Amino acid sequence: MVKPILEIKNLSAKVADKEIIKNMNLTINAGEVHALMGPNGAGKSTLSYVLTGKPGYEITGGEILFNGLDLLKMKPEERACAGIFLSMQYPVAIPGVATNNFLKHAVNAKRKYDGLPELDAAEFLKLLRTVAKDLDIGAEMLKREINVGFSGGEKKRMEILQMSLLQPKLAILDEADSGLDIDALKIVADGVNKWHNNDNALLIITHHQDLLSRIQPDVVHIYADGHIIKSGDKNLAVELEKSGYKTFVDAKE
Numbered sequence: 192m193v194k195p196i197l198e199i200k201n202l203s204a205k206v207a208d209k210e211i212i213k214n215m216n217l218t219i220n221a222g223e224v225h226a227l228m229g230p231n232g233a234g235k236s237t238l239s240y241v242l243t244g245k246p247g248y249e250i251t252g253g254e255i256l257f258n259g260l261d262l263l264k265m266k267p268e269e270r271a272c273a274g275i276f277l278s279m280q281y282p283v284a285i286p287g288v289a290t291n292n293f294l295k296h297a298v299n300a301k302r303k304y305d306g307l308p309e310l311d312a313a314e315f316l317k318l319l320r321t322v323a324k325d326l327d328i329g330a331e332m333l334k335r336e337i338n339v340g341f342s343g344g345e346k347k348r349m350e351i352l353q354m355s356l357l358q359p360k361l362a363i364l365d366e367a368d369s370g371l372d373i374d375a376l377k378i379v380a381d382g383v384n385k386w387h388n389n390d391n392a393l394l395i396i397t398h399h400q401d402l403l404s405r406i407q408p409d410v411v412h413i414y415a416d417g418h419i420i421k422s423g424d425k426n427l428a429v430e431l432e433k434s435g436y437k438t439f440v441d442a443k444e
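Taken in order, the sequence shown gives residues 192 to 444; the numbers are from my numbering.
The following block contains the structure:
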C-alpha cells in the first residue's frame with residue numbers, strides 16, 4: 192500500500208506581500224525521490240522554507256500533511272523532531288559552537304522526542320565516527336566550530352552528516368550540488384543514497400542534471416511561477432539540460 196509522506200494541497204504563500212507559491216500541489220510517497228527544477232526566482236527555496244517553518248512566510252491558502260499530521264500547525268522544532276530535514280543551500284556558520292557538541296544535542300533531542308534513551312558521550316562518539324568516516328569527515332573537522340572556515344564542499348558534507356545522524360523521514364536538499372567538485376559530489380550523493388530507503392523520502396531542489404545522475408529521481412517536476420507546470424520521469428531532467436527552462440515555461444503561457 193502506497194504511503195504518502197508529504198501531501199501539499201492547493202498551497203499558496205507570500206513573503207512581504209508578494210505571492211511566491213501559487214496553488215501548488217505535490218504528493219511524495221514513502222520510498223520516492225522527487226526532483227524540483229526551475230529557473231532562478233521561481234520559489235523553489237521558498238517552498239523548502241515553508242515546509243520547515245521558517246518565520247516570515249505567510250500561508251494564504253491550502254494545506255500540508257506530513258505523515259498525516261497538519262504540518263502548518265507545528266512549530267519549526269516540532270517539524271524537525273517529527274522527521275523533516277533541510278540541507279540548506281547556504282549553510283550558516285555558528286562561531287563558538289563545536290560541531291560534535293551540536294550534533295550530540297541534536298541527536299539526543301530527536302531521540303527524546305521519539306521516546307528513546309539519550310546516547311551518552313561514548314555511544315554518540317562511536318556513532319559519529321562511523322557515519323563521518325563514510326563522508327570523509329575526520330576527527331579534527333568535527334571539533335571545529337560549525338561551518339566556520341569550512342569550504343563549500345565541507346559544508347555540504349556536514350549537512351549530509353547531520354541528515355545521516357538524524358535519520359529524517361523527509362529530507363529536502365536545496366541545491367546540495369552547488370559549488371561541489373566531482374569528488375565532493377560523489378561523496379554527498381553516496382551519503383544520500385546510503386540514507387535513502389523505502390520508509391523515507393527525498394526532495395531534491397536543483398538546477399542541474401549532475402546530482403540526479405548519481406541520485407536517481409522517480410519523478411522530476413518543473414517549477415515556475417509558484418507551482419509545478421510539468422512532471423515526468425528522470426528523462427525530463429535530461430531534456431531540461433538540453434533545451435533549458437524557457438521551452439517549457441513559454442509553452443504554458
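Note that CB positions come from ideal geometry on N, CA and C, so glycine has one too.
Note that this is a predicted model, so its numbers are computed, not measured.
Report task. Assign alanine 367 to one of three DSSP states: helix, strand, or coil. Result -> As a first step, residue 367 is located in the sequence shown; it is residue number 176 there, counting from the start. Alanine 367: coil per DSSP, three-state reduction.
Query raised in the report: What is the DSSP secondary structure of methionine 265, reduced to helix, strand or coil?
Result: Here residue 265 corresponds to residue number 74 of the sequence shown, with the count starting at 1. In this structure, methionine 265 counts as coil in the three-state DSSP scheme.
Query raised in the report: If leucine 242 and isoleucine 211 are in contact, beta carbons under 8 Å, what's the gap, nearest whole angstrom?
Result: What you label residue 242 is simply residue 51 of the sequence shown in a count that begins at 1. What you label residue 211 is simply residue 20 of the sequence shown in a count that begins at 1. 13 Å between Cβ atoms; not a contact.
Query raised in the report: Do you know whose CA, among Tyr240, Glu249 and Val224, lies nearest lysine 209's CA?
Result: Walking along the sequence shown from the start, residue 209 turns up at place 18. If we check each option's Cα against that of lysine 209, Glu249 comes out closest.
Query raised in the report: With 16 other CB atoms within 10 Å as the buried threshold, where does glycine 382 fall?
Result: Locating residue 382 in the sequence shown gives position 191, where the first residue counts as 1. Answer is buried; the Cβ neighbour count reaches 16.
Report task. Under 8 Å by Cβ, that's how I've got leucine 403 and lysine 421 pegged, so tell me the actual separation to the nearest angstrom. Result -> Looking up residue 403 in the sequence shown gives position 212. Looking up residue 421 in the sequence shown gives position 230. Going by Cβ atoms, the distance from leucine 403 to lysine 421 rounds to 16 Å, so no, they are not a contact pair.
Report task. With DSSP collapsed to three states, give me the class of phenylalanine 341. Result -> In the sequence shown, the residue the question calls residue 341 occupies position 150. Coil at phenylalanine 341, not helix or strand.
Query raised in the report: So what does alanine 362 bridge to, in DSSP terms?
Result: In the sequence shown, the residue the question calls residue 362 occupies position 171. DSSP lists Phe276 and Leu393 as partners of alanine 362.
Query raised in the report: In three-state DSSP terms, what is alanine 300?
Result: By one-based count along the sequence shown, residue 300 stands at place 109. Here alanine 300 sits in helix by DSSP.
Query - With 16 other Cβ atoms within 10 Å as the buried cut-off, status of valine 193 - result: In the sequence shown, counting from the first residue as 1, residue 193 sits at position 2. So valine 193 counts as exposed.
Report task. Taking only the alpha-carbon atoms, compute the straight-line gap between proline 246 and alanine 233 and give it to the nearest angstrom. Result -> Numbered from its first residue, the sequence shown carries residue 246 at position 55. Numbered from its first residue, the sequence shown carries residue 233 at position 42. Answer to the nearest angstrom: the Cα atoms are 19 Å apart.
Query - Same chain, Cβ closer than 7 Å to glutamate 444, neighbours up to 5 away in sequence not counted - result: For the purposes of this step, residue 444 is taken as the residue at position 253 of the sequence shown. Unreliable positioning characterises glutamate 444 in this predicted model, as indicated by a pLDDT of 48, which lies under 50. The coordinate reading is nonetheless provided below. Within the same chain, glutamate 444 has no close Cβ partners at all.
**Report entry** C-alpha gap between isoleucine 337 and glutamate 366, whole angstroms
**Finding:** Here residue 337 refers to the residue found at position 146 of the sequence shown. Here residue 366 refers to the residue found at position 175 of the sequence shown. Looking at the two C-alpha atoms, the distance is approximately 20 Å.
**Report entry** Reduced DSSP secondary structure (H/G/I, E/B, other) of valine 440
**Finding:** What you label residue 440 is simply residue 249 of the sequence shown in a count that begins at 1. If DSSP states are grouped into helix, strand and coil, valine 440 belongs with the helices.
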